[in-house]
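Written out below as structure tokens is the structure these notes cover.
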Amino acid sequence: DAGEIYVDELLGIKDYGKFLASGRREYDNLADRGLGFTWWDSVHDHLANLWRMEKADELFAQKYPNASRDSDLPSPPCDFNFDRFYRDPDFTSMKCHTAVRGERCFADVVYARQTGIHQHPEWYPGLSPASGFRAFQAFLHR
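Just add 4 to wherever you are in the sequence shown, counting from 1, and you've got the working numbering.
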């Protein structure tokens with residue numbers, strides 16, 4: 005067993021629902037930063053990413069002190085296609101339905117409609133405070 009760490013554990017988010025309810029967001033790709041949260045800021049910055057990898061490696065070493073360190077292993081191949089992931093609306097295999105209370109998508113839509121659009125309208129091009137729930141959900145899903 006190689007061991008594992010969780011992103012929320014690394015970021016220090018113990019309850020994601022409470023995190024969202026506090027008005028914070030992990031990351032907005034249009035702004036390239038979080039809202040009340042800095043971990044993912046400058047997501048394309050090489051040094052920032054090296055720091056994030058170092059923190060992940062440190063947490064893994066704390067949990068699994070006898071395991072090989074990241075620096076001891078070869079780098080895995082990266083097949084991530086940024087443009088396709090962020091810009092191709094047909095890329096996701098996740099089927100979209102109208103979100104319901106209790107789902108993360110629902111909380112994200114509520115945040116966007118009640119807070120995000122008012123504080124950062126530039127994050128939601130094509131939407132206004134009068135836009136409906138489904139319009140916000142479609143925007144966030146893409």
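Where is the CB? At the ideal position from N, CA and C, for every residue including glycine.
Identity of the residue in Gly-106, Trp-43, Gly-120 nearest Lys-147 by Cα: Because residue 147 is not part of the residues shown, which for the chain are 5 to 146, the question remains open.
For Arg-37, which beta-bridge partners are listed by DSSP? By one-based count along the sequence shown, residue 37 stands at place 33. Arg-37 is bridged to Asp-32.
Evaluate Phe-140 with the Cβ neighbour count: other Cβ atoms within 10 Å of its Cβ, from every protein chain shown; 16 or more gives buried, anything less gives exposed. Here the question's residue 140 lines up with position 136 in the sequence shown. Under this definition Phe-140 is a buried residue.
Less than 7 Å between C-beta atoms, sequence neighbours within five positions excluded: which residues of the same chain meet that for Ala-116? Residue mapping note: residue 116 aligns to position 112 of the sequence shown, counting from 1. Only Tyr-128, Phe-140, Leu-144 meet the Cβ criterion.
Can you find at least 3 beta carbon pairs, one from the stretch 109 to 123 and one from the stretch 68 to 82, that sit closer than 8 Å? In short, these stretches do not touch, since the Cβ pair count stays below three.
Reference Asp-32, options Ile-121, Pro-133, Ala-6, closest by Cα: Reading the sequence shown from its first residue, position 28 is the one you call residue 32. Closest option to Asp-32, judged by alpha-carbon separation, among Ile-121, Pro-133, Ala-6: Ile-121.
Return yes when the Cβ of Asp-61 is within less than 8 Å of the Cβ of Ser-46, no when it is not. In the sequence shown, residue 46 corresponds to position 42, counting from 1. In the sequence shown, residue 61 corresponds to position 57, counting from 1. Their beta carbons are not under 8 Å apart, which means Ser-46 does not touch Asp-61 by this criterion.
Keeping to the same chain, check which residues put their C-beta closer than 7 Å to that of Leu-15; ignore five residues upstream and five downstream. As a working note, residue 15 is residue 11 in the sequence shown. Answer for Leu-15: Trp-43, listed in chain order.
Between Ile-17 and the rest of its own chain, which residues show a CB-CB distance below 7 Å, the 5 nearest in sequence each way excluded? Against the sequence shown, residue 17 aligns to sequence position 13. If we look at Ile-17 and ignore the five residues flanking it on each side, its Cβ neighbours are Phe-23.
Determine the extent of the alpha helix (DSSP H) in which Gly-136 is found, giving its start and end residues. For the purposes of this step, residue 136 is taken as residue 132 along the sequence shown, with counting starting at 1. No alpha helix (DSSP H) holds Gly-136; DSSP gives it neither H nor E.
Hey, is Met-57's beta-carbon within less than 8 Å of any beta-carbon in chain C? Looking at the structure shown, chain C is missing, and only one protein chain is on hand.
What span of residues does the alpha helix (DSSP H) with Arg-73 cover, start to end? Stepping through the sequence shown from its first residue, residue 73 is reached at position 69. Segment: none, Arg-73 is in no alpha helix (DSSP H) and carries neither H nor E.
Buried or exposed: Arg-138, going by 16 or more other Cβ atoms within 10 Å of its Cβ? Translated into positions along the sequence shown, residue 138 becomes position 134. Counting Cβ neighbours within 10 Å, Arg-138 comes out exposed, since fewer than 16 surround it.
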